[in-house]
């Protein structure tokens, strides 16, 4: 297959964050074997035929080399790019920024590498919520407290928020919900109908597996 991407407003981009320390798990999560294959490959398979490009953000060249050994881009119907996190050990916000610099489209869906239960239905549903009046599309659980119960690592962001992220990082503000407060955000309810709660289950500790 060809991995070339034509310039188009219809490009769907995804940024997969794999730059964490995985300290609670005790080993690198994205490459952990879950149901006979590395955890990240469950996500990559789900994304097949749903997106045009995936940016996989890793924390250093050594981990990029490791992931390149078991991820063959030719297996997928979209372009895969490995990039090194621009700012190390500062949580997911720099990873989002790093990925947004690389995308070919205006928006990207963010997914963490430790969420193997995300479905094709969720990917389709959240991309349909893109609205050019908003810089972020963020799912949430509770109508009474949208921000507090939001899922910022399963959200869509516009690359025009890069300056805001850079400003927050420079002030050592690293909580993504702090970013969501500052940009134009469209909140989407997780209602167990259109969007199911199980989509957001992640694996942080050995007992979660």
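Residue numbers (this note's numbering): 7 to 215. Glycine is no exception: its CB is placed at the ideal position from the N, C-alpha and C atoms.
If you measure between the beta carbons of residue i and residue j, is that distance less than 8 Å?
| i | j | result |
| --- | --- | --- |
| residue 145 | residue 182 | no |
| residue 61 | residue 19 | yes |
| residue 120 | residue 54 | no |
| residue 112 | residue 164 | yes |
| residue 192 | residue 135 | yes |
Shortest alpha-carbon distance to residue i belongs to which of the options?
| i | options | result |
| --- | --- | --- |
| residue 128 | 67, 168, 204 | 204 |
| residue 123 | 15, 16, 201, 25 | 201 |
| residue 68 | 25, 197, 187, 52 | 25 |
| residue 185 | 196, 169, 63 | 169 |
| residue 162 | 109, 151, 178 | 109 |
| residue 99 | 21, 195, 206 | 21 |
When we look at the beta-carbon of residue i and count the other beta-carbons within 10 Å, is it buried (16 or more) or exposed?
| i | result |
| --- | --- |
| residue 59 | buried |
| residue 199 | exposed |
| residue 35 | buried |
| residue 37 | buried |
| residue 17 | buried |
Next on the checklist: Going residue by residue through the segment 122 to 178, where are the continuous beta strand (DSSP E) segments of at least 3 residues, counting only ones entirely within it?
Outcome noted: 142 to 146, 162 to 164
Next on the checklist: For the structure I just gave you, are there three or more beta carbon pairs, one from the segment 134 to 144 and one from the segment 95 to 109, closer than 8 Å?
Outcome noted: Verdict: no, contact absent.
Next on the checklist: My parser needs the alpha helix (DSSP H) runs of 4 or more residues fully inside the segment 32 to 120; what are they?
Outcome noted: 45 to 53, 67 to 76, 98 to 108
Next on the checklist: Contact between the segment 101 to 116 and the segment 70 to 77 is defined here as three or more beta-carbon pairs at a separation below 8 Å; is this criterion met?
Outcome noted: no
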